[in-house]
Amino acid sequence: MTNISAAITAVGGYVPDYILTNQILETMVDTNDDWITSRTGIKERRILKGVNKGTSFMAIQAAKRLIKKNNIDPKTIDLVVVATATPDMKAASTSAYTASEIGAINAFAFDIDAACSSFLFGMSIAARYIESRIYKKVLLIGADKNSSMINYDDRATCIIFGDGAGAVLFEANKEGLGIQDEYLRSDGTGREFLRGTHGGSSNPITIESLNEKTHFIYQDGKTVFKNAVFNMANATEKILDRNNLDNDKVDWLVAHQANKRIVDATANRINLDHKKVLMNIEKYGNTTSGTLPLLLSDYESKFKKGDNLIFAAFGGGFNWGSVYLKWAYNS
Ligand code: UT7
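Just so you know, we're using this note's numbering here: the sequence shown kicks off at 9 and counts up by one.
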């Protein structure tokens with residue numbers, strides 16, 4: 009039997025229209041454009057407005073763009089995975105609704121949550137389903153409405169997060185392109201440093217928790233930052249080492265957009281030319297599961313068949329890792 013690998017064959021992205029700039033944030037909390045730009049690289053982020061609009065709204069838009077642009081019949085999609093830390097609601101999966109709304113009526117669907125590493129871990133799931141030969145088309149969507157869990161009085165979090173979504177299609181490749189290797193890790197001792205304490209099963213929302221705003225996200229930024237720099241760089245270095253890759257062989261670093269300084273530190277650790285480092289944090293901030301597919305969507309036209317892409321992410325949990333993928337098409 010011919011060897012197959014799981015390749016990305018189409019991408020699509022969506023961000024909401026409303027732009028929350030650093031200047032607007034200056035009027036909301038004690039912060040300023042200079043600080044945010046120099047400490048994070050972020051200039052603005054998108055916020056999803058509108059009654060009853062949740063993560064699925066953006067996931068559906070991103071998927072519909074992918075489908076339209078690539079002329080794909082949604083009835084041929086076998087599986088829809090929505091990677092998200094902000095599902096529409098409890099119990100009813102965001103992915104099932106998304107799949108129905110895009111016309112993927114022959115697909116099964118499920119959500120996965122590994123915080124900011126959700127999309128990266130979802131790539132591993134998509135690859136295994138394709139490599140098993142059981143399914144031919146797997147649609148992986150990374151989408152988050154972070155504004156739904158942000159306290160806009162808390163300058164430690166509100167300056168960083170934004171809303172957005174990206175979708176990618178995985179299909180089998182017989183030329184050796186697609187996913188080559190992965191290094192994924194988790195460490196649950198990190199969960200106290202980045203979490204929404206109330207609103208889950210351990211601590212349901214109470215009147216007191218609403219007053220104390222502990223259903224919003226809390227972050228110990230410094231600790232998360234240190235762990236992110238160490239682990240993201242470490243994972244990326246491991247992937248490069250065991251695949252004999254170096255600056256000459258890597259074409260693009262596709263790294264989670266949490267803080268420009270974290271991405272720069274990762275690129276420095278692997279001695280990567282900064283022209284190869286994809287960035288869009290200045291426009292969108294940290295969209296959690298949306299960052300990696302939004303980078304693919306924004307930079308798709310630059311990728312060439314056979315390019316070596318190194319993905320990297322770190323997030324709450326803690327969860328982190330790196331994936332090596334060979335790009336499978338010219339745009
Ligand atoms: O995607 C999931 C994972 N999340 C991340 O990877 C985020 C990781 N953490 C970070 O990106 C950074 O820690 C932050 C951007 C959140 C904060 O940057 P920092 O360089 O770690 O700042 P800090 O918390 O150490 O604060 C430095 C100074 C403090 O002032 P003093 O004590 O030095 O006078 C803060 O009070 O900056 C002050 N500060 C601010 N000033 C203006 C903290 N936040 C702000 C702010 N605006 N928003």
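Cβ atoms here follow ideal geometry from the backbone N, Cα and C, with glycine treated the same way.
With a cut-off of 8 Å on the beta carbons, I'd call ALA104 and ILE85 a contact; round off their distance for me. As a first step, residue 104 is located in the sequence shown; it is residue number 96 there, counting from the start. As a first step, residue 85 is located in the sequence shown; it is residue number 77 there, counting from the start. No, ALA104 and ILE85 are not in contact; Cβ-Cβ is about 13 Å, not under 8 Å.
Please list the segments of the beta strand (DSSP E) lying wholly inside the stretch 48-93, counting only runs of 3 or more residues, in order along the chain. Runs of the beta strand (DSSP E) spanning 3 or more residues and lying entirely within the stretch 48-93 occur at 52-55, 87-91, in chain order.
Do LYS153 and MET287 count as a contact pair if the criterion is CB distance below 8 Å? Numbered from its first residue, the sequence shown carries residue 287 at position 279. Numbered from its first residue, the sequence shown carries residue 153 at position 145. Not a contact, by the Cβ cut-off of 8 Å.
Rounded C-alpha distance that separates PRO212 from ALA117: As a first step, residue 212 must be located in the sequence shown, where it is residue number 204. As a first step, residue 117 must be located in the sequence shown, where it is residue number 109. Roughly 27 Å separates the two Cα atoms.
Just the Cα atoms here: how many angstroms apart are HIS223 and SER155? Counting from 1 along the sequence shown, the entry for residue 223 is found at position 215. Counting from 1 along the sequence shown, the entry for residue 155 is found at position 147. Answer to the nearest angstrom: the Cα atoms are 13 Å apart.
Grab me the residues of TYR91's own chain with a C-beta within less than 8 Å of its C-beta, minus the 5 sequence neighbours each way, in chain order. Locating residue 91 in the sequence shown gives position 83, counting from the first residue. A small correction: the amino acid at residue 91 is Ala; Tyr does not occupy that position in the sequence shown. Here ALA91 has ASP119, ILE120, ASP121, ALA122, SER126, PHE127, PHE129, GLY130, LEU148, ILE149, GLY150, ALA151, SER297 as same chain residues with Cβ atoms under 8 Å from its own Cβ, once five neighbours each way along the sequence are excluded.
Is the beta carbon of LEU185 sitting closer than 8 Å to the one on LYS334? By one-based count along the sequence shown, residue 185 stands at place 177. By one-based count along the sequence shown, residue 334 stands at place 326. Taking 8 Å as the Cβ cut-off, LEU185 and LYS334 qualify as a contacting pair.
GLU190 and VAL331: beta carbons closer than 8 Å? Taking the sequence shown and counting its residues from 1, the one referred to as residue 190 is at position 182. Taking the sequence shown and counting its residues from 1, the one referred to as residue 331 is at position 323. Yes, they are a contact pair.
Does MET240 pass the burial test, meaning 16 or more other C-beta atoms within 10 Å, or should it be called exposed? If you number the sequence shown from 1, residue 240 lands on position 232. Of the other Cβ atoms in all chains shown, 16 or more fall within 10 Å of the Cβ of MET240; this residue is therefore buried.
Run through DSSP, which three-state label would ASP41 get? Position 33 of the sequence shown holds residue 41. Per DSSP, reduced to three states, the secondary structure at ASP41 is helical.
Can you tell me the Cβ-Cβ gap for TYR292 and ARG53, rounded? I've got them flagged as a contact below 8 Å. Working through the sequence shown from its first residue, we reach residue 292 at position 284. Working through the sequence shown from its first residue, we reach residue 53 at position 45. Yes, they are in contact, since the Cβ atoms of TYR292 and ARG53 sit about 6 Å apart, within 8 Å.
Check whether the stretch 192-208 touches the stretch 11-22, taking contact to mean three or more Cβ pairs, one atom from each stretch, closer than 8 Å. With a cut-off of 8 Å on Cβ pairs, the stretch 192-208 is not in contact with the stretch 11-22, counting fewer than three such pairs.
THR274 bridges to which residues according to DSSP? Locating residue 274 in the sequence shown gives position 266, counting from the first residue. DSSP, once it has assigned bridges, lists no residue as partnering THR274.
Can you tell me which residues form a DSSP beta bridge with TRP335? Taking the sequence shown and counting its residues from 1, one reaches residue 335 at position 327. Checking the DSSP bridge columns, you'll see TRP335 has no partner listed.
Identify whether VAL285 lies in helix, strand or coil by the three-state DSSP scheme. Translated into positions along the sequence shown, residue 285 becomes position 277. If DSSP states are grouped into helix, strand and coil, VAL285 belongs with the strands.
Contact test: TRP43 Cβ vs the ligand UT7 heavy atom, cutoff 7 Å: Within the sequence shown, numbered from 1, the residue matching residue 43 stands at position 35. Result yes, Cβ under 7 Å from the ligand UT7.
Span of the beta strand (DSSP E), counted from its first residue to its last, around GLY130: Here residue 130 refers to the residue found at position 122 when the sequence shown is read from its first residue. Here GLY130 belongs to no beta strand (DSSP E); instead the alpha helix (DSSP H) covers 126-139.
Spatial distance of ILE68 from ASN60 (CA atoms): For the purposes of this step, residue 68 is identified with residue 60 of the sequence shown, where counting begins at 1. For the purposes of this step, residue 60 is identified with residue 52 of the sequence shown, where counting begins at 1. Their Cα atoms are separated by approximately 14 Å.
So, helix, strand or coil for THR205, using DSSP? Taking the first residue of the sequence shown as 1, we reach residue 205 at position 197. Of the three classes helix, strand and coil, the one that applies to THR205 here is coil, per DSSP.
So for ALA100, helix, strand or coil by DSSP? Sequence index remark: in the sequence shown, residue 100 carries index 92 (1-based). Note: ALA100 maps to coil in three-state DSSP.
Exposed or buried, which one is HIS282 when buried takes at least 16 other CB atoms within 10 Å? In the sequence shown, residue 282 corresponds to position 274, counting from 1. Answer is exposed; the Cβ neighbour count stays below 16.
Stretch-stretch touch, CB-based, cutoff 8 Å, three pairs: the stretch 313-325 with the stretch 255-271: By the criterion of at least three beta-carbon pairs nearer than 8 Å, the stretch 313-325 is in contact with the stretch 255-271.
Can the beta-carbon of CYS124 be found less than 8 Å from the beta-carbon of ALA321? Counting from one through the sequence shown, the residue named residue 124 turns up at place 116. Counting from one through the sequence shown, the residue named residue 321 turns up at place 313. It is a contact, given that the beta carbons lie within the stated cut-off.
Assuming ALA236 is part of the beta strand (DSSP E), what are its boundary residues? Counting from one through the sequence shown, the residue named residue 236 turns up at place 228. Where ALA236 is concerned, there is no enclosing beta strand (DSSP E), although the alpha helix (DSSP H) it sits in stretches over 229-250.
Would you call the stretch 267-279 in contact with the stretch 229-246, where contact means no fewer than 3 C-beta pairs closer than 8 Å? Contact between the stretch 267-279 and the stretch 229-246 is present, because at least three Cβ pairs lie under 8 Å.
Please confirm whether any heavy atom of the ligand UT7 lies closer than 7 Å to the CB of GLY324. Working through the sequence shown from its first residue, we reach residue 324 at position 316. Yes; taking the cut-off as 7 Å, the Cβ of GLY324 has a heavy atom of the ligand UT7 nearer than that.
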